[in-house]
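Engineer: For the sequence shown, my numbering begins at 1099 and goes up steadily by one.
Just so you know, even glycine gets a beta-carbon here, dropped at the ideal spot from N, CA and C.
Just so we're clear, the structure is a prediction, and the values are computed from it rather than from any experiment.
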Amino acid sequence: LVGVCQKAGVKNGNGRVYPYDVLKREMDNYMKIVNDNRACGELDHPDDSVVNLKNVSHIVTDVWWEGKDVMGKVKVLDTPSGRILKDLVNAGVKLGISSRGLGSVTEGKNGTVTVENDFQLICFDMVSEPSTPNAYVYPKGQANISTRLREVKENSINDLFKKILGD
1099 LVGVCQKAGV
1109 KNGNGRVYPY
1119 DVLKREMDNY
1129 MKIVNDNRAC
1139 GELDHPDDSV
1149 VNLKNVSHIV
1159 TDVWWEGKDV
1169 MGKVKVLDTP
1179 SGRILKDLVN
1189 AGVKLGISSR
1199 GLGSVTEGKN
1209 GTVTVENDFQ
1219 LICFDMVSEP
1229 STPNAYVYPK
1239 GQANISTRLR
1249 EVKENSINDL
1259 FKKILGD
């Protein structure tokens, strides 16, 4: 699976903004975990700050930047949660990806919440509703161009409405 995992400098569905320098640092650290073959994630966000191996569904095999977007490549594992994930993919379910981490935030005057420098990225989990705009993953080579164009158009329209209505 391949797709957008996180975005720097963009207000997400939770009202949070991850500054580029904070996200860059954490992605540099996370790449070490990816290269060490330890970048596991779970199906849905648990309440825990630890990745529970008994619940792992996938492993992130690569991450890279495209502008201010963090892109990722994910391998679905043959685990109980991974088999559920595989069945969802095979059924054509649109799957989101979401970062899990710890750290403090500061609320701005306009309702934007900025993630602070103490943020620590734990992992990327598969979710039904990602907070990061357009953070969906697709089977590599199977991302339908018309679907992606429709999503970009929908997101642009949603962003325009948010700007007009003041978020």
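Please classify D1223: does DSSP put it in a helix, a strand, or coil?
Structural biologist: As a working mapping, residue 1223 is identified with position 125 in the sequence shown. DSSP places D1223 in strand when its eight states are reduced to three.
Engineer: What is the DSSP secondary structure of E1214, counted as helix, strand or coil?
Structural biologist: Residue 1214 sits at position 116 when you count from the first residue of the sequence shown. Three-state result, E1214: coil.
Engineer: Please report the residue range of the beta strand (DSSP E) in which G1201 lies.
Structural biologist: By one-based count along the sequence shown, residue 1201 stands at place 103. From DSSP, G1201 is part of no beta strand (DSSP E); its letter is neither H nor E.
Engineer: Report the rounded CA-to-CA distance for L1193 versus A1233, giving the unit in angstroms.
Structural biologist: Sequence index remark: in the sequence shown, residue 1193 carries index 95 (1-based). Sequence index remark: in the sequence shown, residue 1233 carries index 135 (1-based). One C-alpha to the other measures close to 9 Å.
Engineer: Just verifying my parser: in three-state terms, what is the DSSP assignment at N1112?
Structural biologist: As a position in the sequence shown, residue 1112 is number 14, starting the count at 1. Note: N1112 maps to coil in three-state DSSP.
Engineer: Helix, strand or coil, according to DSSP, for H1156 in the structure here?
Structural biologist: Along the sequence shown, read from residue 1 onward, the residue named residue 1156 stands at position 58. It is a strand residue.
Engineer: Identify, in the order they occur along the chain, each residue of the same chain with its Cβ nearer than 6 Å to the Cβ of W1162, setting aside the five sequence neighbours on each side.
Structural biologist: For the purposes of this step, residue 1162 is taken as the residue at position 64 of the sequence shown. Counting only Cβ-Cβ distances below 6 Å, and skipping sequence neighbours, we find M1169.
Engineer: For I1182 and S1226, which I take to be in contact (beta-carbon distance under 8 Å), what is that distance rounded to the nearest angstrom?
Structural biologist: Within the sequence shown, numbered from 1, the residue matching residue 1182 stands at position 84. Within the sequence shown, numbered from 1, the residue matching residue 1226 stands at position 128. So it is not a contact: roughly 12 Å between Cβ atoms.
Engineer: Which residues in the same chain have their Cβ closer than 6 Å to the Cβ of G1180, if we skip the five residues on either side of it in sequence?
Structural biologist: For the purposes of this step, residue 1180 is identified with residue 82 of the sequence shown, where counting begins at 1. Excluding sequence neighbours, G1180 sits near S1155, V1174.
Engineer: Threshold first: 4 residues or longer. Then list the alpha helix (DSSP H) segments lying entirely within the segment 1156–1188, N to C.
Structural biologist: Those alpha helix (DSSP H) runs which fall completely within the segment 1156–1188 and span 4+ residues are 1178–1188.
Engineer: According to DSSP, what are the bridge partners of E1140?
Structural biologist: Mapped onto the sequence shown, residue 1140 falls at position 42. E1140 is bridged to V1154.
Engineer: Expressed to the nearest angstrom, what Euclidean distance is found between the alpha-carbon atoms of V1132 and S1254?
Structural biologist: Locating residue 1132 in the sequence shown gives position 34, counting from the first residue. Locating residue 1254 in the sequence shown gives position 156, counting from the first residue. V1132 and S1254: Cα-Cα distance of roughly 32 Å.
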